[in-house]
Structure formats: C-alpha cells, structure tokens
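Colleague: Got a structure for you, questions after.
Number of protein chains: 2
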Amino acid sequence: MTAGFQLLLEDFDLEVKLMRNILGANDEIAALNRKMFSACGVVVMNLMGSPGSGKTTLLEKTLARLVDKIKIAVIEGDLFTAKDAERIERQGVDVIQINTAGGCHLDAPMIQKACASLDLNAIDLLIVENVGNLVCPAEFDIGENFKAVVLSITEGDDKPLKYPLIFKESEVTLFNKIDLLPFTNFDLQAAREDLTTLHPTIKIFETSCTKETGLDDWTTWLLGKVAR
Amino acid sequence: MTAGFQLLLEDFDLEVKLMRNILGANDEIAALNRKMFSACGVVVMNLMGSPGSGKTTLLEKTLARLVDKIKIAVIEGDLFTAKDAERIERQGVDVIQINTAGGCHLDAPMIQKACASLDLNAIDLLIVENVGNLVCPAEFDIGENFKAVVLSITEGDDKPLKYPLIFKESEVTLFNKIDLLPFTNFDLQAAREDLTTLHPTIKIFETSCTKETGLDDWTTWLLGKVAR
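From first to last, the protein sequence lines stand for chains F and D. Residue numbers for the first sequence follow the numbering used here, so the first one is 1 and each next one is one higher. Residue numbers for the second sequence follow the numbering used here, so the first one is 1001 and each next one is one higher.
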C-alpha cells in the first residue's frame, strides 16, 4: 500500500513539473500561432462549452448570418466522430476536423497543424469549436484572439462559480437555449451577477437557436471583432 | 519554431509514458479501495455526467427515497465550491467534499483519503458524485463497483457516439430531464440504439426530477445493487 502510494506521489510530483513544461511548450506554439494569425489578418475565436451546450447549432446559425459578409473557416474539435464537421460543412465554409482520440481539449500544436491545410490569407474569421468540456479547454491557449463560452440554461445557474476558470478566461458568454428558461429554475439575474463578479468586463448574450433569439446581436458583435 | 516543437514532442512522449504510470498507480490504489469496500460490505457507485446534466438533483431525489431503507454516504467532487455538498448534507447523510482545485476528475487516491473520514462498516451504499465532465472521469478507476452516467435530454442524442468511453464504462445510463423532451429534437430511439450498439448490456432509465418521473424504477434498481 505504501509502495504504491509512494510511486503515485512521485509520479504526481513529476506530473506537476511536466504539466508546467507541457503548458510552457504549448504557450510557445500558441504564441507562434498568434503571430501567424496576426500576419495573415485573421481573427480567431476559441468556442468552448459543456457537451450539449449547443455550440455546433449556434455555429450553424452564426455562419448562416455571416457567410455573405466575411470569409470564415472552422476547425472542429471532437474526440472521435466527424459529426459536427459534417454539419458545419453544409454551411458552405472550409472545415478542418481534429479528432483528439479521446483527448479532452485542443492544444496549440493541433491548431498549428490544422492551419497548414487552410489558406489563412483568404480568411477573415477562424472559429475553433473546442471539445465539449467546461474544464480542460480553458487551460490551453491555442493562439486565439479571444475565447467564448456557451452555457446552456439547462445546465443551471451555479456553473460560473463551479467552473470559474473558463468564465474568467472568456471575453464573452452566451446563455444559450434561453427558450427553455420557463421550464427550469435557472436564475438569470443570479447567474449574471456571479459572472460579472468573476469577470467584470465579460460580455453576455442570451441566445436561442430554436427560437432565433439574440442571434443578430451576437453576430453583430462578432462581426465587430473582425472589422477592428 | 522547430526547437519549441521538438521540446513539445519530447514532452508529449514523456507525457504518454507518465500517463501510463499515473493510470497504473491509480489502478493500484483503486484495487486497494475496492478490497476495502468489499471487506466493509459497502457498494460504491461512481456517478458521472456533464456539468448541468442534473447529477446533484438526481442524487437529492435518490437519497430522499432511500435514506430510510439503507445507510448511505456521499463523496462530492467539485473543482472549488462546496455548493453540492451543502445540498446533499440537507438530505441527512454523511458527505465528504473533495475539491480538486481545478482538476477535471476524481482519482483513486482522493477517494482513499476521503474514506478515512467515513465509517465504511456503517454504510451500505457510497455514492461518489464525480466532477462534471463527460471525458476525463471515465479514465480513472476509483475502486467503485459500478459507474453510472447521467445524460440530460437537452445535451442532444449524439452524445453516446461522441463520448463513447464513458458510456462503454458505465453499467447504467440515465436519460435525465426527460420532461424537456418535447422542447428538444432529441431522438430517444436513436440514442437508445447508439447506446446499446456501444454497450449491449447497458441499463437505461428515463428520469425527470422536476416531474418525479422514473425515479422509483431507478431507486428500486439501485437498491437491488446493494441487496445483492
């Protein structure tokens, strides 16, 4: 018992050190990605959220509103399937699928590699849909200009305080599936207060893709990020 | 650029090896936990699911139905807060809070340590509510007798195929928030088919905690796991 535990503790010490190296090396590649995106004049959004928060549907609706106005490409992160990439491709934009083979987040080298297949100079906005996970993706800089987090109303109003890092890291939060608000006990005011306590300058949108609510405001804001 | 990348690749090679060690060491402690649970006659359920899938509310409803029948204790896994543990404590059971300080899953040593504060001989059922995450918790054996995964209807019917490991590892899946089915495009039959293709013997319950649907069937089944 002690021997196993000792091995474990040593491994965990090593894990902490290695995690620092991994994150450090990731940050180096992220910085290179950021330089490359800037040189090509492409704005990059890292779109995050729990499984089922509605990222892909939001993305479909967003693309439908913006494809005639700006050039957009999408990188889709998934554990195994290409289901989301197939959905996005139907919107008439270039899509690169990254399968993490079970991995819980995208990292900067994955993005660097995926970008080799894109003509970045021909793109205004690159949207990266991260793996569905409210924890790990927030820890990995991929070289994006800003992070966005989608929180479904059905997930509950306690999520900003329970998963603070992702909300601190994100420039914008979308309270999504707002049409389901009457069927839940989600307290919008409490969630807004918790969110702005965590991150005072965070931008908040309330969206519903089934009822097409809030999507024009959201895409106008997003367009503003590209026009700058 | 090459230097940074090389460093990264070496770190990733090391990470893969270390991950094997970490998982190996975790499995050793998990085996010890399992032996300890068996010796004390306690059945352990590892309850997993996305953030906001409804694990804690389901647990409240489950406890309300079972506290008069069997002795139950709960271990609550959360990144930072004790919000869930406070809710569970009101059900009149012993609760141990584990804060992972941002970590995305519970592991066997955390459970081993938490159990030092519990009188396992006095407990029939120990329920471990894992961190809200559909990816990482499935990779870590904590010494449980069985895993259960909660999938909210609002997360979408594509989740079993997109996050297969957790559904393969779990003995039972709860399609939760079933009352919201009419307001979504969730295809119950398709989800059931995908799930049973992945895991032919998986047990499926359809539950709603707001409408109190399916909870008696679920708790009867759970009671059967303890009585064995």
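Every residue, glycine too, gets a C-beta built ideally from N, C-alpha and C. No experiment lies behind these values; they were computed from the predicted model shown.
Suppose you measure from the CA of V1042 (chain D) to the CA of P164 (chain F); what does that come to, to the nearest Å?
Modeller: For V1042 (chain D) and P164 (chain F), the distance between alpha carbons rounds to 34 Å.
Colleague: Please name the residue, chosen from F:P160, F:D216, F:V172 and F:W218, that lies closest to A190 (chain F) on a Cα-to-Cα basis.
Modeller: A190 (chain F) has its Cα closest to that of F:P160, out of F:P160, F:D216, F:V172 and F:W218.
Colleague: Can you give me the start and stop residues for the beta strand (DSSP E) that A108 (chain F) sits inside?
Modeller: Segment A108 to C115 is the alpha helix (DSSP H) holding A108 (chain F); no beta strand (DSSP E) there.
Colleague: Below 8 Å on the Cβ atoms is my contact criterion, and I expect P51 (chain F) with E1155 (chain D) to pass it. Report the Cβ-Cβ distance as a whole number of Å.
Modeller: Going by Cβ atoms, the distance from P51 (chain F) to E1155 (chain D) rounds to 6 Å, so yes, they are a contact pair.
Colleague: In whole angstroms, give me the CA-to-CA distance for K1035 (chain D) and I1022 (chain D).
Modeller: For K1035 (chain D) and I1022 (chain D), the distance between alpha carbons rounds to 20 Å.
Colleague: For the segment 1080–1096 of chain D, which residues have a CB atom closer than 7 Å to at least one CB atom of chain F, in sequence order?
Modeller: Within the segment 1080–1096 of chain D, the residues whose Cβ lies closer than 7 Å to some Cβ of chain F are F1080, T1081 and K1083, listed in chain order.
Colleague: In or out: E28 (chain F) buried (at least 16 other Cβ within 10 Å) or exposed?
Modeller: Burial call: buried.
Colleague: Sort F:K162, F:Q97 and F:A39 by Cα distance to G1077 (chain D) and report the nearest one.
Modeller: Answer by Cα proximity: F:K162.
Colleague: Using DSSP's beta-bridge definition, name the partner residues of V135 (chain F).
Modeller: BP columns for V135 (chain F) are empty, so no partner.
Colleague: Near G1054 (chain D), which residues of its chain fall below 7 Å by C-beta distance, leaving aside the five closest residues on each side in sequence?
Modeller: Excluding residues within five positions, the ones whose Cβ falls inside 7 Å are V1150, S1152, N1176, K1177 and C1209.
Colleague: Could you spell out where the alpha helix (DSSP H) holding A1085 (chain D) opens and where it closes?
Modeller: Per DSSP, A1085 (chain D) belongs to the alpha helix (DSSP H) from K1083 to E1089.
Colleague: Would you verify that the beta carbon of N1130 (chain D) is, or is not, closer than 8 Å to some beta carbon of chain F?
Modeller: Chain F contact via Cβ: absent.
Colleague: Do G1049 (chain D) and L1134 (chain D) count as a contact pair if the criterion is CB distance below 8 Å?
Modeller: Cβ atoms of L1134 (chain D) and G1049 (chain D): closer than 8 Å.
Colleague: On the criterion of 16 or more Cβ atoms from any shown chain inside 10 Å, does A1025 (chain D) qualify as buried, or is it exposed?
Modeller: It counts as buried.
Colleague: Would N1033 (chain D) pass as an interface residue toward chain F - the criterion being a Cβ-Cβ separation below 8 Å?
Modeller: So no, N1033 (chain D) is outside the interface.
Colleague: Out of F:L32, F:H105, F:E144 and F:T201, which one is the CA nearest neighbour of M45 (chain F)?
Modeller: That would be F:E144, whose Cα lies nearest to the Cα of M45 (chain F).
Colleague: Check each residue of the segment 156–170 of chain F: if its Cβ is closer than 8 Å to any Cβ of chain D, include it; give the result in chain order.
Modeller: Within the segment 156–170 of chain F, the qualifying residues are G156, D158, K159, L161, K162, Y163, P164 and L165.
Colleague: When the Cβ atoms of the segment 1208–1222 of chain D are set against those of the segment 1183–1200 of chain D, are three or more pairs found closer than 8 Å?
Modeller: Segments in contact, no.
Colleague: Using the Cα positions of E206 (chain F) and E1171 (chain D), report the straight-line distance between them to the nearest angstrom.
Modeller: Approximately 37 Å between the Cα atoms of the pair.
Colleague: From A64 (chain F) to P200 (chain F), what distance separates their C-alpha atoms?
Modeller: About 31 Å.
Colleague: Looking at the strands, I want to know which residues DSSP matches up with V1150 (chain D).
Modeller: Answer is D:G1049 and D:L1174.
Colleague: Tell me the DSSP bridge mates of T213 (chain F)?
Modeller: Looking at the DSSP assignment, T213 (chain F) forms a beta bridge with F:S208.
Colleague: What separation, rounded to the nearest whole angstrom, lies between the Cα atoms of L215 (chain F) and L125 (chain F)?
Modeller: Distance between the alpha carbons of L215 (chain F) and L125 (chain F) is about 17 Å.
Colleague: Below 7 Å on C-beta distance, what does K177 (chain F) contact in chain D?
Modeller: Near K177 (chain F) (Cβ distances below 7 Å), the residues of chain D are T1154.
Colleague: Name the residues in the segment 198–215 of chain F whose C-beta lies less than 9 Å from a C-beta of chain D; which are they?
Modeller: The residues in question are T210.
Colleague: For S1050 (chain D), would you say it is in contact with chain F, using Cβ-to-Cβ distances shorter than 8 Å as the test?
Modeller: Judged by the 8 Å Cβ criterion, S1050 (chain D) is in contact with chain F.
Colleague: So is V1172 (chain D) in contact with chain F if we call contact Cβ pairs under 8 Å?
Modeller: Judged by the 8 Å Cβ criterion, V1172 (chain D) is not in contact with chain F.
Colleague: Quick one: which chain F residues come within Cβ less than 9 Å of D1078 (chain D)?
Modeller: By Cβ distance, chain F contributes K162.
Colleague: Just mark A101 (chain F) as buried or exposed, buried being the case when its beta carbon has 16 or more other beta carbons within 10 Å.
Modeller: Classification of A101 (chain F): exposed, given that the 10 Å Cβ count is below 16.
Colleague: Closer than 9 Å by beta-carbon distance: list the chain D residues that pair up with L180 (chain F), in chain order.
Modeller: The contacting residues are T1154, L1180, F1183 and T1184.
Colleague: Considering only their Cβ atoms, is the gap separating I75 (chain F) from I98 (chain F) smaller than 8 Å?
Modeller: Contact: yes.
Colleague: Cutting at 7 Å between CB atoms, please list the residues of its own chain near A1073 (chain D), excluding the five before and the five after it.
Modeller: Counting only Cβ-Cβ distances below 7 Å, and skipping sequence neighbours, we find V1093, D1094, L1118, I1123 and L1126.
Colleague: With a threshold of 8 Å between beta carbons, is V1226 (chain D) in contact with chain F?
Modeller: Answer no: the Cβ-Cβ gap between V1226 (chain D) and chain F never drops below 8 Å.
Colleague: Could you confirm whether any beta carbon from chain D is found closer than 8 Å to the beta carbon of L106 (chain F)?
Modeller: By this cut-off, L106 (chain F) is not an interface position.
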